[in-house]
Each structure stands twice: as structure tokens, then as C-alpha cells.
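What follows is a short report on a single structure.
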Amino acid sequence: MPLIEWTQELAVGVPSIDEAHHEFVDLLNALPEASEADFSRLFVKLVAHSREHFAEEERMMERTSFPVIAVHKAEHERVLTELEQIQQLLEEGDFASARAYVEDQLSAWFVLHRNTMDYVTAAHIQRTLG
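Okay, structure coming up:
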């Protein structure tokens, strides 16, 4: 059973953001059933994907003069730090903690972040860029 079921309700209306979110959800959903080797590989891919997506989203916020960019960027930085800490746990062989983080925290964070920060950001981008 997936951690998050991708539906159009998760779309925010900015195609590049929606595509990145869909890919994130696909990576996230692959993790719970993955072997340890696959889990590590997929988690590294998820971290890289997140870093790239956050950078692109921040560029869009800068181009459109998003008024609360600092708050959104700070949340991205916080989550990237968290992801890097979990990646370190994986390198130390602590798969149980990494799996718990993915299943209990990361999936919930994504839904909350999408429903709050990304939803507002996307609405601003759509209004600004038309």
C-alpha cells in the first residue's frame, strides 16, 4: 500500500512543480518495501531529487518576487538537513530509523508542505506568470 496515493488533488497547477511532486511521491512509495540496498539507492535519489526540486522552486519564487520566499527557503533547508542526517544514519547501517522516518515523518511532511507552502507558492506563480 502506498504511503501517499498520487491523485490530481495533489496537483498545485504549476506543471513543473506537479511533475516533481509526482516523482517525489513515486520515490517515497518505493521505499517501504525496498531491500536495504535498494532503500539506500532510492533514498540517495530522493535526496538529490529534493535538492534539485527545491532549487527550481526557489528560482521560480525569486523570478516572481514571492513575498515570503525566506520562510519557504528556510523550510527547504530544514528538510534537506533532516534528509542528510537520515542519509548519514543509512551510511551507518541504521535502516530501521531511516524507514521509520520515511513512513512516519517524511510522508506526513510532504502532504503538509504541499497543502500549505507549495499551494500558496503555486497560486502566486500562476497569478504572476499567468
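Numbered according to our numbering, the sequence shown spans residues 47 to 176. Glycine is no exception: its CB is placed at the ideal position from the N, C-alpha and C atoms. The structure presented is a predicted model; accordingly, all values stated were derived computationally and were not measured.
Next on the checklist: For a quick check, are the C-beta atoms of leucine 92 and alanine 80 less than 8 Å apart?
Outcome noted: If you number the sequence shown from 1, residue 92 lands on position 46. If you number the sequence shown from 1, residue 80 lands on position 34. No, they are not a contact pair.
Checklist entry - Taking the alpha carbon of methionine 107 as the point to measure from, which residue in Phe156, Glu137 and Ile63 has its own alpha carbon closest? => result Locating residue 107 in the sequence shown gives position 61, counting from the first residue. Considering only alpha carbons, the answer is Ile63.
Item to check | Delimiting residues of the alpha helix (DSSP H) encompassing proline 61 | outcome: Indexing the sequence shown from 1 puts residue 61 at position 15. Here the alpha helix (DSSP H) through proline 61 covers 61 to 76.
Checklist entry - What residue ranges within the stretch 67 to 155 form continuous alpha helix (DSSP H) runs of no fewer than 4 residues, ordered along the chain? => result You should have 82 to 109, 115 to 137 and 141 to 146.
Next on the checklist: If I measure Cβ to Cβ from glutamate 149 and keep anything under 7 Å in the same chain, skipping five residues before and after, which residues do I get?
Outcome noted: Position 103 of the sequence shown, counting from 1, holds the residue named residue 149. So the qualifying residues of the chain are Leu49 and Pro78.
Item to check | For valine 157, three-class secondary structure by DSSP | outcome: Taking the first residue of the sequence shown as 1, we reach residue 157 at position 111. Of the three classes helix, strand and coil, the one that applies to valine 157 here is helix, per DSSP.
Checklist entry - Where do the N-terminal and C-terminal ends of the alpha helix (DSSP H) with isoleucine 50 fall, by residue? => result Residue numbering aside, residue 50 sits at position 4 when the sequence shown is read from its first letter. Per DSSP, isoleucine 50 is not a residue of any alpha helix (DSSP H), being assigned neither H nor E.
Item to check | Residues of its chain near alanine 57, where Cβ-Cβ distance is below 6 Å and the 5 sequence neighbours each way are ignored | outcome: Within the sequence shown, residue 57 is the residue found at index 11, counting from 1. Cβ neighbours of alanine 57 within its own chain (closer than 6 Å, five residues either side excluded): Asp64.
Checklist entry - So, are the CB atoms of leucine 74 and serine 153 less than 8 Å apart? => result What you label residue 74 is simply residue 28 of the sequence shown in a count that begins at 1. What you label residue 153 is simply residue 107 of the sequence shown in a count that begins at 1. A distance below 8 Å separates the beta carbons of leucine 74 and serine 153.
Item to check | Between the CA atoms of threonine 174 and glutamine 133 - distance to the nearest angstrom | outcome: For the purposes of this step, residue 133 is identified with residue 87 of the sequence shown, where counting begins at 1. For the purposes of this step, residue 174 is identified with residue 128 of the sequence shown, where counting begins at 1. Taking the CA atoms as reference points, glutamine 133 sits about 37 Å from threonine 174.
Next on the checklist: Taking 8 Å as the threshold (C-beta atoms), are serine 96 and leucine 136 in contact?
Outcome noted: Sequence index remark: in the sequence shown, residue 136 carries index 90 (1-based). Sequence index remark: in the sequence shown, residue 96 carries index 50 (1-based). Contact flag unset, no.
Checklist entry - Taking Cβ positions, are histidine 118 and methionine 163 nearer each other than 8 Å? => result Along the sequence shown, read from residue 1 onward, the residue named residue 118 stands at position 72. Along the sequence shown, read from residue 1 onward, the residue named residue 163 stands at position 117. Against a cut-off of 8 Å, the Cβ pair of methionine 163 and histidine 118 comes out as a contact.
Checklist entry - Ends of the alpha helix (DSSP H) at leucine 56? => result Translated into positions along the sequence shown, residue 56 becomes position 10. Looking at the DSSP string, leucine 56 is not in any alpha helix (DSSP H), and its letter there is neither H nor E.
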